[in-house]
Amino acid sequence: MKEKMYLSTRGNQQPLNFYEAILQGIGSDGGLLVPDFDVDKKDLKELLNLNYIDLATEIISTFTPDDVKEDIRQLCKNAYGTGLFPEDVVPVKKAGDVYVTELFQGPTAAFKDMALSLLPYFMTFSLKQKGEEREVMILAATSGDTGKAALEGFKDVEGTSIKVFYPIDGVSPVQKQQMVTQTGNNVDVIGIRGNFDDAQTAVKKAFNSQELKDLCDQHHVFLSSANSINIGRLIPQIVYYFYSYLTLVNNKEIELGQEVNFTIPSGNFGNCLAGYIAKKMGLPIQRFIVASNKNNILTDFFNTGKYDANREFYKTNAPAMDILVSSNLERLVYFLCQDASLVKKYMDQLNETGVYEVDDDIFKKVQKYFTAGCLNEDDVLKVIGKCYDETGYLLDTHTAIGYGVYKQYQKDTNDQTKTILLSTASPYKFPKSVYQAITNEELDEYEAIDALNKKTNVNVPKPLQGIDKREILHTKVIDKESIVDFIGEQIKGL
Ligand SMILES: *Cc1c(COP(=O)(O)O)cnc(C)c1O
């Protein structure tokens with residue numbers, strides 16, 4: 014059988030196998046890696062009744078060499094089956110007529126755990142399979158949740174070290190506290206004077222820097238990425254689309270084969286893109302509802318076909334979605350046109366002018382599968398309050414955007430298709446906003462945790478209990494312009 018290979022969305026990358034794709038993290042031409050094979054359509058009937066780990070094994074091994082399925086099962090067990098997640102991994106609940114898949118029950122109380130609990134195992138497995146003796150230095154830019162999840166995933170993992178860059182004024186107090194109190198002897202957390210896009214752009218630049226490549230060679234190390242530009246972040250996320258759907262079938266909420274919608278709070282677009290791949294693998298998804306905050310660049314793209322990054326960047330009460338450069342959209346555009354030279358043209362335009370507009374052909378497909386909308390900050394709070402009053406379900410600020418945009422869509426279209434909301438964070442990660450939304454009272458961030466718990470009886474997730482009392486271990490802050498130099502210094506220090 015032919016080996017499954019990965020190529021770049023921009024066309025200028027030698028084919029890589031799964032291990033090489035995981036370790037390299039990004040195309041050498043600046044594009045993103047995508048499978049160069051047709052993903053097989055899954056027989057849903059065979060997947061019914063599988064537990065999360067066995068389902069993950071079936072889905073993920075679609076993307077790996079055929080002879081390592083049992084190894085993949087072990088990696089999935091390590092990630093999801095050692096007590097860091099609940100037994101069912103992603104509980105599926107209900108808020109009124111909306112199903113809610115809780116992706117935040119892992120070690121850092123955010124959905125990034127779904128992929129970042131597994132990625133380090135992919136990495137160490139790939140290092141072993143390649144007989145790689147160099148160390149890998151993981152770089153991650155974060156708008157709040159990726160950082161902590163990546164730190165937890167990679168801490169003390171042999172053969173790796175990790176550097177996380179976060180915007181000092183662009184993450185919530187709880188998110189920041191989670192990161193600066195991180196333990197582990199191979200971890201580094203660095204504040205950036207700049208926003209998330211600045212951090213992400215600098216990290217991408219580091220991967221393409223010849224100077225850093227040379228330094229890496231001298232010091233026997235190579236760089237890789239823990240952001241959702243890494244295909245190893247996307248693949249684990251396909252699983253919970255299947256799991257959500259099959260849970261509804263098993264619970265007799267839907268018939269096998271019946272179409273559903275998913276509504277998804279979106280930022281870098283990795284979550285939604287994983288769903289699109291699930292659809293390509295045969296999961297009956299009618300529509301994706303792409304939900305944004307006031308940084309509504311994706312809403313505009315899905316409504317007009319034009320991606321225009323020349324706009325103001327807003328800091329909002331849903332900071333993990335404060336993004337103007339939505340990296341994974343590049344993969345979607347590639348999937349829809351299968352034309353790397355066209356994608357390269359768009360991305361060159363984006364780099365040079367901040368804008369690109371897709372052809373009619375692509376836009377027609379976009380409109381067929383995607384609907385988009387956005388909520389401003391006040392509406393986010395109103396939605397949290399209303400949903401809690403009407404259904405008793407407590408949403409965080411990000412998930413509220415997915416819920417509110419879906420409710421608007423339902424009203425506008427009268428679409429009765431059953432809909433699954435992907436819940437991306439625990440309400441206790443943004444306690445001040447959530448408490449204010451349901452009581453109209455403003456409290457200090459940490460006071461709000463206890464008050465919210467008293468008021469709602471929703472449990473505080475273990476990773477967030479007593480968080481304000483932990484010791485601060487990371488205080489470094491640098492300018493956004495010096496990120497690449499900083500990484501250079503770190504490599505020299507190895
Ligand atoms: C990362 C994140 C998102 C956005 O997900 P993407 O895959 O980047 O679109 C939404 N909500 C929360 C809480 C997140 O941490």
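Going by the working numbering, the first residue of the sequence shown is number 14, and it counts up by one from there.
Glycine included, every Cβ here is placed at the ideal spot set by N, Cα and C.
Computed from a predicted structure; not experimentally measured.
- The DSSP assignment places complete beta strand (DSSP E) segments of no fewer than 3 residues inside the segment 158–243 at 173–180, 200–206 and 234–238, in order along the chain.
- Scanning the segment 20–55 for uninterrupted beta strand (DSSP E) segments of 3 residues or longer gives 46–48, listed from N- to C-terminal end.
- For Q478, the number of other beta carbons within 10 angstroms of its own is below 16, and it is reported as exposed.
- Per the coordinates, the alpha-carbon of K106 lies some 25 Å from the alpha-carbon of V187.
- Bridge pairing for S436: E115 [DSSP].
- As computed with DSSP, G386 is found in a beta bridge with A304.
- For S174 and I267, the gap between their C-alpha atoms comes out near 45 Å.
- Burial check for H411: the Cβ neighbour count within 10 Å reaches 16 or more, so the residue is buried.
- When secondary structure is reduced to three states using DSSP, P278 falls in the strand class.
- Annotated three-state conformation of V471 is coil, per DSSP.
- Residue environment for G288: buried (at least 16 other C-beta atoms within 10 angstroms of its C-beta).
- In this structure A438 is not in contact with G398, their Cβ atoms being roughly 17 Å apart against a cut-off of 8 Å.
- Taking each of L164, Y406, R206 and N198 in turn and checking the Cα distance to M192, the smallest one comes out for L164.
- Contact between G207 and P180 is confirmed by a C-beta separation of about 6 Å, below the 8 Å threshold.
- Within the chosen limit of 6 Å, ligand 1 does not reach the beta carbon of P186 with any heavy atom.
- Within its own chain, the residues whose Cβ lies closer than 7 Å to the Cβ of T70, once the five positions on either side in sequence are excluded, are K82, I85, R86 and C89, listed in chain order.
- Taking a C-beta distance under 7 Å as the contact criterion, A219 and L228 do not qualify as a contact pair.
- Placement of the Cβ of F326 at a distance of 6 Å or more from every heavy atom of ligand 1 is found.
- For E403, the secondary structure class from DSSP, reduced to helix, strand or coil, is helix.
- L259 counts as buried, since at least 16 other C-beta atoms from the protein chains shown sit within 10 angstroms of its C-beta.
- In this chain, the alpha helix (DSSP H) harbouring A413 covers T410 to T426.
- Put simply, of V262, L57 and V52 the residue whose alpha carbon is nearest the alpha carbon of T75 is V52.
- The way I'd put it, the segment 112–124 doesn't touch the segment 144–153; fewer than three beta-carbon pairs between them come closer than 8 Å.
- Burial of F315 is indicated by the presence of at least 16 other C-beta atoms within 10 angstroms of its C-beta.
- In this structure, DSSP gives A287 a helical state, which the three-state scheme calls helix.
- Secondary structure note for D84: its alpha helix (DSSP H) is the uninterrupted segment K82 to Y93.
- A Cβ-Cβ contact shorter than 7 Å links K431 with V273.
- For the set S222, A122 and E146, the Cα lying nearest the Cα of L97 is the one of A122.
- Look at K482 here: in three-state DSSP terms it is helix.
- Annotation: A413 to Q27 spans about 42 Å, alpha carbon to alpha carbon.
- Secondary structure at E145: coil, using DSSP grouped into helix, strand and coil.
- Ligand 1 has a heavy atom closer than 6 Å to the beta-carbon of T437.
- For M136, the shortest separation between its Cβ and any heavy atom of ligand 1 does not lie below 6 Å.
- Rounded to whole angstroms, the separation of the alpha carbons of D481 and E460 is 10 Å.
- For I491, the uninterrupted beta strand (DSSP E) segment begins and ends at V490 to D492.
- Under DSSP, L152 takes part in a beta bridge, and its partners are K176 and S238.
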